[in-house]
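This report concerns only the one structure given below.
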Amino acid sequence: MFGLLYGLFEQAFAKKEYYALILGLDNAGKTTLLERMKATYGEKEALPPDRIAPTVGLNRRERLVLWDLGGQSGLRSIWPKYYSEASGLLFLLDAADEKRLEEACSAFQSIMTDPQLDAKVPVLILLNKQDVADPKVVERMKESMGALAATSSRPSALFPICALNGDGVVKGVKWLVEQLREASSA
Numbered sequence: 000m001f002g003l004l005y006g007l008f009e010q011a012f013a014k015k016e017y018y019a020l021i022l023g024l025d026n027a028g029k030t031t032l033l034e035r036m037k038a039t040y041g042e043k044e045a046l047p048p049d050r051i052a053p054t055v056g057l058n059r060r061e062r063l064v065l066w067d068l069g070g071q072s073g074l075r076s077i078w079p080k081y082y083s084e085a086s087g088l089l090f091l092l093d094a095a096d097e098k099r100l101e102e103a104c105s106a107f108q109s110i111m112t113d114p115q116l117d118a119k120v121p122v123l124i125l126l127n128k129q130d131v132a133d134p135k136v137v138e139r140m141k142e143s144m145g146a147l148a149a150t151s152s153r154p155s156a157l158f159p160i161c162a163l164n165g166d167g168v169v170k171g172v173k174w175l176v177e178q179l180r181e182a183s184s185a
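In numbering that gives the first Met the number 0, the protein residues as written are 0 to 185.
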């Protein structure tokens, strides 16, 4: 009897865990974003970047476990190994680095067309460093990434952010969490 009650209690009060990948080219700001999210949503003060723990509590009933994967070209080959476990995906671009837009688009397209990534996984595209980027470049990046995202049936959204000061981060994360909730209740 106790086992049944304990099981019901656990189910009623257990935190729902979502697993999300943070992907993007090197120097796009992935680790800075993770640290900003920890500072915003974590229960404790954020640690220095060299001591980052990749779990962020969103509220008392949910937990977002984030995997910040390296973006160097040699490390991108490991990304697909994480796709089967992903509930969501965040893709960061350095909006201040127009020279790497083509490379970022190519990496993003590889992700979106990989059969190992479930078609229901929501994708949050974040144009980071928009505070120092040329607005015309940001618009071109929005158009390029939006066009690539539109070729997929999975839910996606694009937000300009500044991971360093947090501008736009909460809005983007709210969108992702809402998509994760909808997917888990369907």
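Ideal Cβ positions, reconstructed from N, Cα and C, are used throughout, including at glycine.
Enclosing beta strand (DSSP E) for S155 [first to last residue]: By 1-based counting over the sequence shown, the position of residue 155 is 156. Membership of S155 in the beta strand (DSSP E) is indicated by the continuous run S155 to P159.
So what's G70 in DSSP terms, helix, strand or just coil? Within the sequence shown, residue 70 is the residue found at index 71, counting from 1. In this structure, G70 counts as coil in the three-state DSSP scheme.
If we call anything under 8 Å between Cβ atoms a contact, is Q178 one with P154? The count along the sequence shown starts at 1 and reaches residue 178 at position 179. The count along the sequence shown starts at 1 and reaches residue 154 at position 155. Contact flag set, yes.
So if DSSP puts Y18 in a beta bridge, which residue, or which two residues, is it bridged to? The residue given as residue 18 occupies position 19 in the sequence shown. Paired residue(s): V64.
If we ignore side chains and look at the alpha-carbon of each, how far apart do K37 and P114 end up? Residue 37 sits at position 38 when you count from the first residue of the sequence shown. Residue 114 sits at position 115 when you count from the first residue of the sequence shown. Approximately 31 Å, taken between the alpha carbons.
Just checking, does the segment 19-28 make contact with the segment 92-106 on the three C-beta pairs under 8 Å criterion? yes
I believe Y81 touches L68 by the beta-carbon criterion, under 8 Å. Please report the beta-carbon distance rounded to the nearest angstrom. On the sequence shown, position 82 is the one that residue 81 refers to. On the sequence shown, position 69 is the one that residue 68 refers to. Yes, Y81 and L68 are in contact; Cβ-Cβ is about 7 Å, under 8 Å.
So the candidates are K15, Y18, E16 and E34; which of them puts its Cα closest to the Cα of A162? Position 163 of the sequence shown, counted from the first residue, corresponds to residue 162. Nearest C-alpha to A162: E34.
Can you tell me whether DSSP reads V122 as helix, strand or coil? Along the sequence shown, one-based indexing puts residue 122 at 123. Note: V122 maps to strand in three-state DSSP.
What does a CB cutoff of less than 7 Å around E143 pick up in its chain, not counting 5 residues either side in sequence? Counting from one through the sequence shown, the residue named residue 143 turns up at place 144. Sequence inspection shows Ser at residue 143; the Glu mentioned does not correspond to that position. Hits under 7 Å: L100 and C104.
Taking C-alpha atoms, which residue in A182, L147 and L89 lies nearest to V168? Taking the sequence shown and counting its residues from 1, one reaches residue 168 at position 169. It is L89.
Taking 8 Å as the threshold (C-beta atoms), are L63 and L123 in contact? Walking along the sequence shown from the start, residue 123 turns up at place 124. Walking along the sequence shown from the start, residue 63 turns up at place 64. Not in contact: L123 and L63 (Cβ atoms no closer than 8 Å).
Mind checking D133: buried by the 16 CB within 10 Å criterion, or exposed? Here the question's residue 133 lines up with position 134 in the sequence shown. Classification of D133: exposed, given that the 10 Å Cβ count is below 16.
Go through the segment 102-148 residue by residue and report every complete run of the beta strand (DSSP E) that reaches 3 residues or more, in order. 122-127
Using CA coordinates, which residue listed in L126, S83, S86 and R180 is at the minimum distance from G165? Here the question's residue 165 lines up with position 166 in the sequence shown. Residue L126 is the option with its Cα nearest to G165.
D25 - partner residues in DSSP beta bridges: What you label residue 25 is simply residue 26 of the sequence shown in a count that begins at 1. Answer by DSSP bridge pairing: none, since D25 is not bridged.
May I ask which residues mark the beginning and end of the beta strand (DSSP E) holding G87? For the purposes of this step, residue 87 is identified with residue 88 of the sequence shown, where counting begins at 1. Segment G87 to D93, the beta strand (DSSP E) holding G87.
Cβ pair A95, K128 closer than 8 Å: The residue you call residue 95 lines up with position 96 of the sequence shown. The residue you call residue 128 lines up with position 129 of the sequence shown. It is a contact, given that the beta carbons lie within the stated cut-off.
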